[in-house]
Amino acid sequence: MINVAVIGFGTVGSGTVKVLLQNSELIKERTGLDIRLKWIADLDIEKDRGVKLPEGVLTTDAYKAIDDPEVNIVVELIGGKTKAKELILRALRNGKNVVTANKALLAEDGYELFKEAYIQSRELGFEAAVAGGIPIIKVLKEGLVANNIIAAYGIINGTSNYILSKMTKDKIDFNTALAEAQVLGYAEQDPTYDIEGIDTAHKLTLMATLVYGIPLYYNEVYKEGITGITPEDITYAHELGYKIKLLAITKMIDGEIELRVHPTMIPDNYLISRVEGVFNAIYIRGDAVGDTLYYGRGAGDLPTGSAVVSDIIDIAKVCSNGKSYAVRMDNKAYKIKKIEDILAMYYFRFSALDKPGVLSKISGILGEHDISISAVIQKERRKGEAVPVIVLTHLAREKNVLEAIATIDKLPVITTKTHFIRVENQSIG
Ligand code: NDP
Ligand code: HSE
1 MINVAVIGFG
11 TVGSGTVKVL
21 LQNSELIKER
31 TGLDIRLKWI
41 ADLDIEKDRG
51 VKLPEGVLTT
61 DAYKAIDDPE
71 VNIVVELIGG
81 KTKAKELILR
91 ALRNGKNVVT
101 ANKALLAEDG
111 YELFKEAYIQ
121 SRELGFEAAV
131 AGGIPIIKVL
141 KEGLVANNII
151 AAYGIINGTS
161 NYILSKMTKD
171 KIDFNTALAE
181 AQVLGYAEQD
191 PTYDIEGIDT
201 AHKLTLMATL
211 VYGIPLYYNE
221 VYKEGITGIT
231 PEDITYAHEL
241 GYKIKLLAIT
251 KMIDGEIELR
261 VHPTMIPDNY
271 LISRVEGVFN
281 AIYIRGDAVG
291 DTLYYGRGAG
301 DLPTGSAVVS
311 DIIDIAKVCS
321 NGKSYAVRMD
331 NKAYKIKKIE
341 DILAMYYFRF
351 SALDKPGVLS
361 KISGILGEHD
371 ISISAVIQKE
381 RRKGEAVPVI
391 VLTHLAREKN
401 VLEAIATIDK
411 LPVITTKTHF
421 IRVENQSIG
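Counting from 1, one number per residue, gives the positions in the sequence shown under my numbering.
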């Protein structure tokens, strides 16, 4: 018998409990494991969570569950950093295995937790922390374990994908789409983590540590959110054959690793650009397997609960037969490429006065910075007034791009700061 304590009976906690209880027969049949839900701890144990519970499992005292000698696996689902960290450390030091969905805690402060798990020879599962119901951690640590990973790209924040999809479909602006996401309960009341790329960067940090064996380099991830994307950008991207998505990107180039999160234009005939609404998808290219794509729900009670229970089952197997499935954190000393050093294609939206010679001035400066143009759109004619000039480039060095823009933005004919979006159309499916 494996005893489980769930701490935090909110969205993911209740999903986890539902999956554990409703599918208990199936789990037993498939794995031979007898998993018992011994405790559920939450601050509010009166609230109806839509699930019928066995007698006596509810408590308001998380320590009662974590300190219970019979408990084998503690599942931390309260979120936040300080208390969650304290509870996880206490559980590990008590000899418990731990499962968590807490991507923010692990990405920003996970070193100490993984170290403690190692010291205590206990498991720390986090399948639910990346892409909710998509078993991407298992894919990386088991399914693709025999591959060198060449690149991984993910749409791993459902809220921002919903906002960008809505802006694209309904031709509405960012704030209107965000308000809709909040009404539907997709975005938090404070949606900063979602729209500024922070949540995506947390998840990328966790993925990259498995992909390349690097430490949890959250602070090295380049982060840019979606707040600057306009309906015009989406329309021009469409005309050029692209969609705009908030992508998490990691790839190894010449022995250096790129870790970046930013709005990205991707060809609209690629499978990943068809991922709409709150859905997530992760594209991975391995040297043996080639291109692979994983798609599903990145959040929500049951999808995330499904991932939590998968960790519980893996750890229950360890408890039963001693075979470890643990992720052992590596410490490989790869250099992380600075964003200025990346090579990418670029989309520029210049706001320029409609005067003779403007385009040649812009293209001249781009040329001086070794930036070659692949497409230009300038449709509107408003003599003497500002009009958008859209330019798509071939591969260019970001450092050159930043310098060229700084020079262009000083031209008297440029009326507002130039906006740019990175474009990926190589090695992505
Ligand atoms: P919720 O806020 O819905 O649930 C958290 C629950 O924990 C609340 O009921 C909260 O009570 C309770 N809680 C807070 N502090 C304590 C404590 N000290 N002891 C016992 N219970 C406590 O959060 P979610 O379920 O949405 O998220 C949980 C974790 O899962 C987070 O780390 C989140 O990032 C992650 N996650 C969430 C996903 C989702 O779809 N929601 C998807 C993937 C990961 P109260 O409300 O009274 O504070
Ligand atoms: N806020 C997150 C999202 C929840 O929108 O994807 C799941 O991690």
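All C-beta atoms, glycine included, are put in the ideal place defined by N, C-alpha and C.
Task: Within 8 Å, strictly: CB atoms of L448 and I7 - done: For the chain, the structure presents residues 1 to 429; residue 448 sits outside this window and is missing.
TODO: Rounded to whole angstroms, what's the CA-CA distance from T200 to L395? Just pull it up for me.
DONE: 25 Å
Open item on the list: Under 8 Å: do the segment 359 to 367 and the segment 403 to 412 share three or more Cβ pairs, one atom per stretch?
Closed with: With the rule of 3 Cβ pairs closer than 8 Å, the segment 359 to 367 counts as touching the segment 403 to 412.
Open item on the list: With the cut-off set at 8 Å, would you say A117 and D68 are in Cβ contact?
Closed with: no
Open item on the list: Measuring only the C-alpha atoms, how far is I134 from E127?
Closed with: 8 Å
Task: Alpha-carbon to alpha-carbon, Y334 and A288 - done: 22 Å
Open item on the list: According to DSSP, simplified to helix, strand and coil, what is E196?
Closed with: coil
Task: Helix, strand or coil at N157 [DSSP, three-state] - done: coil
Open item on the list: Can you tell me whether K141 is helix, strand or coil according to DSSP?
Closed with: helix
Open item on the list: Please state the DSSP three-state secondary structure of N97.
Closed with: strand
Open item on the list: Can you find the residues in the same chain that come closer than 6 Å, C-beta to C-beta, to T155, ignoring five residues on each side of it along the sequence?
Closed with: Rather than Thr, the amino acid found at residue 155 in this sequence is Ile. The beta carbon of I155 sits closer than 6 Å to those of N161, K245, V275, N280 and A281, all from its chain and outside the five residues before and after it, given in chain order.
Task: Any non-hydrogen atom of ligand 1 within 7 Å of I421 CB - done: no
Task: Rounded separation between G241 and I390 - CA only - done: 13 Å
Task: Bridge partner(s) assigned by DSSP for I249 - done: Y153 and R260
Task: Cβ-heavy atom distance, I7 to ligand 1, below 7 Å - done: yes
Open item on the list: I want to check one thing, is the minimum distance from the CB of N102 to the heavy atoms of ligand 2 below 7 Å?
Closed with: no
TODO: Counting only the same chain and skipping the five closest in sequence on each side, list residues whose C-beta sits under 7 Å from that of L302.
DONE: G15, K18 and V19
Open item on the list: Using only CA atoms, which one of I373, T393, D34 and N97 lies nearest to I315?
Closed with: N97
Open item on the list: By the three-class DSSP mapping on this structure, what secondary structure does T59 have?
Closed with: strand
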